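Numbering-wise, the sequence shown is residues 1086 to 1307 according to the numbering used here. The beta carbon of each residue, even a glycine, is placed where N, CA and C say it ideally should be. Because the structure is a prediction, the values reported are computed rather than measured.
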Amino acid sequence: MIRSVLVAVLVLAAPIAWAQGGDGHVLSIHQGVILLDGEVLPNAAPPSLDLTGIDLDFEYSGPVTPVIEVDGEPYVFENNRLVPFAESTRVGERVYGLGDPMADPSALKEAQMVQLGEAAYLQQVAERDQNLFQLISREHQMEEEALRQADQIRRMLPGAQRDTARAMLRTLLSELLQLKDANRREELARAQERLDAVRAQLDLREAKHEDIVEARLRALLW
C-alpha cells in the first residue's frame, strides 16, 4: 500500500549554514529507507516513525528546510535526520506546502494552490535576491504580529489599556502598509529588469535570424 505524505518547506528569513548545503538536493524515502542525493542515511528516522509504504523523491534548493508530514505528524529534516517538528529548532517558523502526492492534482483546493504558488515564488526570490526576500519575510512577520495584537485587543475590556493597544496596532498597520507598497514596487522593478533582458535577447535573435537558422540547419544535418 502506498501511503500519502505531505511535503512542505520551512523558508528561512536569511541564509544560514545548514547541514545539506546551499545547492540542489533530493530527499528520498523508499522501502522505509531515507536517502539524501542517493546516499542512505542510517538511523535518520525516529524508531517510532513507520515509513512503510512511503515512496518519495523531493527536490529542493536554496534557503529552505524540508518538512515531511506522515500520518498527520510533521517531521523537520535537519542535521540529516527527521525530527518531530515540536522537538526541532524550527518551532514557530513559517511552513509552506510544496506538494501532496495524489492521483488527481486537480483535487487540490484553491487555497492550497495559492499556498503552493506563494511557496514557489518565495523560493525563487530567496535564490536570486536575498534583500527582497528578507523584506518580504519581514512583511509576513508584521502581518502575523498584527493578527496577534488584534486577537489580544478583541479580548480586552474597554479602557485606557485597550486604547493604547489599539493605537499601537494602528501604528503597526501603517508601517506594514508602507512596507507592502515598497515591496510591491521593488517586485515590479525586478520584473521590469527581467522583461528588459528578455526583450534584449529577442532583439539580438531577430538581428541574427539568418545566422541562427543556418547554425540550426547545420546541427540537424550533421
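Which one of the options has the shortest CA to CA distance from residue i?
i: GLU1163; options: ASP1140, ALA1130, GLY1157, ASP1135; result: ALA1130
i: ILE1114; options: ARG1284, GLU1154, LEU1280; result: GLU1154
i: THR1150; options: ALA1282, PHE1170, GLN1215; result: PHE1170
i: GLU1228; options: LEU1217, GLU1260, GLU1291; result: GLU1260
i: LEU1264; options: GLN1209, ASN1128, GLN1219; result: GLN1219
i: PRO1127; options: ALA1282, GLU1291, ARG1175, LEU1167; result: LEU1167
i: ARG1279; options: ASP1140, ARG1175, TYR1145, VAL1210; result: VAL1210
According to the Cβ coordinates, are residue i and residue j closer than 8 angstroms?
i: ALA1253; j: GLN1234; result: It is Met, not Ala, that sits at residue 1253 in the sequence shown. Going by C-beta atoms, MET1253 is nearer than 8 angstroms to GLN1234.
i: VAL1111; j: ASP1142; result: yes
i: GLU1230; j: LEU1257; result: yes
i: GLY1109; j: THR1137; result: no
If you follow the beta strand (DSSP E) that residue i is in, where does it begin and where does it stop?
i: GLU1144; result: 1141 to 1145
i: SER1113; result: 1110 to 1115
i: GLU1154; result: 1149 to 1155
i: PRO1159; result: 1158 to 1163
i: PRO1132; result: Premise fails: PRO1132 is in no beta strand (DSSP E) and is neither H nor E.
i: PRO1169; result: 1166 to 1169
i: LEU1121; result: 1118 to 1121
Determine the extent of the alpha helix (DSSP H) in which residue i is found, giving its start and end residues.
i: ARG1233; result: 1215 to 1239
i: THR1249; result: 1245 to 1292
Write down the C-beta distance between residue i and residue j rounded to the nearest angstrom, noting that I regard them as a contact closer than 8 angstroms.
i: ILE1297; j: ASN1268; result: Between ASN1268 and ILE1297 the Cβ distance is about 39 angstroms, and since that is not below 8 angstroms, they are no contact.
i: LEU1121; j: ASN1165; result: 6 angstroms
i: ASP1214; j: ARG1275; result: 7 angstroms
i: GLU1271; j: LEU1232; result: That pair is no contact at about 24 angstroms.
i: VAL1161; j: SER1146; result: In fact, because the Cβ distance is near 17 angstroms, the residues do not count as touching under 8 angstroms.
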